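**Student:** So the mapping is simple: our numbering equals the position in the sequence shown, first residue as 1, plus 20.
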Amino acid sequence: MSSPSSPSAPVPLAALTLGAIGVVYGDIGTSPLYALKEAFTHGQLAVTPGNVLGILSLMFWTITVIVSLKYVTLILRADNHGEGGLVALLALASQAVKDRPVLRRRLLLLGIFGTAIFFGDGVITPAISVLSAVEGLEVVAPGLHPYVVPVTVLVLTALFAVQRHGTAAVGRWFGPVTVLWFLVLAGMGVMHVAAHPKVLQALSPHHALAFVLDHPGAAFVALGAIVLCVTGAEALYADMGHFGRRPIRLAWFGLVMPSLVINYFGQGALLLTQPEHVSNPFYGMAPRWALPPLIVLATCATVIASQALISAAFSVTKQVVQLGYLPRLRILHTSVRAAGQIYVPAVNWGLYLFIVAAVIGFGSSSALAAAYGIAVTIDMLITTVMTFFVIRYAWRYPWLLCVGATALFFVVDSLFFAATAVKLFDGGWFPVAIGLAMFTLMTTWQRGRSLLSERLRAEAIDLPAFLEAVFASPPTRVEGTAVFLSAETGVTPNALLHNLKHNKVLHDTNLFVTVRHHEVPWIGFDRRVDVQPLGHNCWQVVLHFGFKNDPDVPEALELLKPRGVQLDEMNTSYFLSREIVVPSLSSGMAGWRDKLFASLHRNASAAADFLHLPANRVVELGAKVAL
């Protein structure tokens, strides 16, 4: 179903909170595996008490400002009909400034760039998470080092291979396993903090300030690794539609944040007494006998974190396709109960190839850490900018209040972006290159579709005038209903022209249907259909879908029955016009983009599948169109 047709029983708060812990916090929950060690390694810092307390203080206040204040307190309020995430925020911001076309276009480009960069982050996150967990094998036995990368690739291969079966079967275990993970994080940290409570002094921000003033250069470089402790913060907002604000906030303040902070401080306490563990302080906290089960649990936690990101990639792809920034892709539903559980084969195996390439090419979590962070900080910056326009132009708060609410976050995000940008040539180029490639594809597709629509409109025949001419000397009418899909209302579909030219017949009932996707997540059945009679049992129909609805045309057309348009499912045929794009020298795009669009258009998934049309009642009629 594309949207709920009947209210469902409310899910208990405890169940929603458990689900949020399993899905929302998997990524940020696995950061203790590598964040603190990279802060020292990347910043080339000596393990001294002052440096340990300074780094811990920076990490604590980074988590507090970015996650607790920015995301949990402010941005979770910016819901788009109950939905969150960068695509939902983009839609909200663009709608808020729709009376300012230049600003709206720039915001759309900025938001689409952020969405493209998300795919770069989607490659690095599973790679560094799973690799850092499997590196625990080296702690157990240094001789196992050669097996770390092969085992990581094996785990990732199994993870991506099961995606086509959906997450329903294993999803119920995400929450309990992740809760166990956070309890273990807290338990490991408590033991060491209790033994060396001096480490709690790092809660005071003066240690962070003193560290920055004493080592400004090293502190700036270290920020590029400290940002790793908040990777995954975007998921707080992206999954708001699944769980709601309250469960996400309750999970954060009740379990996740305390567990993370205690674990980081436990690692710091370990380094105060045993600085030699700086190469892997997380596993260094565990007693020798606990290492094997801890490695297994850590691997499970990183797989869950990766699964959540893969699912998010599927969801974001679907939304971007329906907003018109990517060609149609084959999207399979893996659950008859949960509409949000989908599988996109092209995205699944594309991510897999790039992730495996990252694991093999970089070879270690430390090397991947150099590539990590830049994509995350770009998205954080874009989210802050979008939030400003939402609270200023949608919520209409005073200018000074809007600046005050976002300026601090903008400065903090900018500092982290600058620190991670230093790593651009040390591996940061990898996710950025993926993001730029996706941005090029998305903008080329959007521009190409716009040019194609202009060309088709220029050559189109007015539908009411055409029907008037046809019925002046009507052709033979045959039993049944013909549904002609058209991108524009009021124009004669090419499929109708070809049908009359070759078959010389017209059905008893004719529907001219245009599908429109809007910049809102959901459109209910009560606003799904607009219908206008054209005479002679012909109707102009417009179907409205949000970017999270499934565009099911037959289901939507059933809503016409109360309006006097009777459809017999077995006697309804669907006619599609398929344009074959031919690149030209005067298309309005660069020649290479012209060819890229033609290739994307040619390889797009069938419209019949995307619109859920019955395969045995679809007629496709093609025509060449020169851009």
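For every residue, glycine included, the Cβ atom is placed at its ideal position computed from N, Cα and C.
Values in this document were obtained by computation on a predicted structure and should not be read as measured data.
Based on the DSSP output, what are the partners of Q552 in its beta bridges?
**Tutor:** Q560
**Student:** How far does the alpha helix (DSSP H) with H226 in it extend, from its first residue to its last?
**Tutor:** Counting along the chain, the unbroken alpha helix (DSSP H) around H226 starts and ends at P225 to D234.
**Student:** Please classify S26 as buried or exposed, where buried requires at least 16 other C-beta atoms within 10 Å of its C-beta.
**Tutor:** Its pLDDT being 36, under 50, S26 is placed unreliably by the model, and nothing is read from it.
**Student:** Count the C-beta pairs between the segment 374-393 and the segment 74-93 that are closer than 8 angstroms, then say yes if the count reaches three, no if not.
**Tutor:** no
**Student:** P301 to G49, Cα distance in whole Å?
**Tutor:** 16 angstroms
**Student:** Any contact between the segment 309-316 and the segment 172-186? By contact I mean 3 or more CB pairs, one from each, below 8 angstroms.
**Tutor:** no
**Student:** Can the beta-carbon of A230 be found less than 8 angstroms from the beta-carbon of V87?
**Tutor:** Not a contact, by the Cβ cut-off of 8 angstroms.
**Student:** Just verifying my parser: in three-state terms, what is the DSSP assignment at E508?
**Tutor:** coil
**Student:** Between which two residues does the alpha helix (DSSP H) containing R469 stretch?
**Tutor:** W449 to E479
**Student:** Put L526 into one of helix, strand or coil per three-state DSSP.
**Tutor:** strand
**Student:** Tell me, please, which residues DSSP counts as bridged to L352.
**Tutor:** Y363
**Student:** Quick one: any contact between the segment 219-235 and the segment 63-74, if contact means 3 or more CB pairs under 8 angstroms?
**Tutor:** yes
**Student:** Whose C-beta lies closer than 7 angstroms to the C-beta of R469 among residues of the same chain, with five residues either side of it excluded?
**Tutor:** G344
**Student:** Look at the alpha carbon of A438 and the alpha carbon of E158, and state the distance between them as a whole number of angstroms.
**Tutor:** 33 angstroms
**Student:** Any chance you could list the beta strand (DSSP E) runs of at least 3 consecutive residues sitting entirely within the segment 171-224, in chain order?
**Tutor:** none
**Student:** Taking 8 angstroms as the threshold (C-beta atoms), are D259 and V43 in contact?
**Tutor:** yes
**Student:** Within 8 angstroms, do at least three Cβ pairs link the segment 56-66 to the segment 237-253?
**Tutor:** yes
**Student:** Using the Cβ count rule (16 or more neighbours within 10 Å means buried), how would you classify H226?
**Tutor:** exposed
**Student:** Report yes if the C-beta distance between T592 and T534 is below 8 angstroms; otherwise report no.
**Tutor:** no
**Student:** Could you work out which residue in E575, N623, G274 and I330 is closest to A206 when comparing CA atoms only?
**Tutor:** G274
**Student:** For H165, is the classification buried or exposed, using 16 other Cβ atoms within 10 angstroms of its Cβ as the cut-off for buried?
**Tutor:** exposed
**Student:** To which residues of the same chain is V247 closer than 8 angstroms at the C-beta, ignoring the five residues directly before and after it?
**Tutor:** For V247, the CB contacts under 8 angstroms within the same chain, skipping 5 residues up- and downstream, are T82, G393, V396, T397, F436, A439 and T440 in chain order.
**Student:** Taking the alpha carbon of L660 as the point to measure from, which residue in G156, F263, L109 and A289 has its own alpha carbon closest?
**Tutor:** Residue 660 lies beyond the range of the chain shown here (21 to 647); nothing can be said about it.
**Student:** Report the CB separation of H564 from H527 in whole angstroms; it is logged as a contact under 8 angstroms.
**Tutor:** H564 to H527, Cβ: 25 angstroms. No contact.
**Student:** Could you tell me which of L123, L476, G608 and M406 sits nearest to A108, measuring between CA atoms?
**Tutor:** M406
**Student:** Determine contact between the segment 447-460 and the segment 478-494, defined as no fewer than three beta-carbon pairs at a distance below 8 angstroms.
**Tutor:** no
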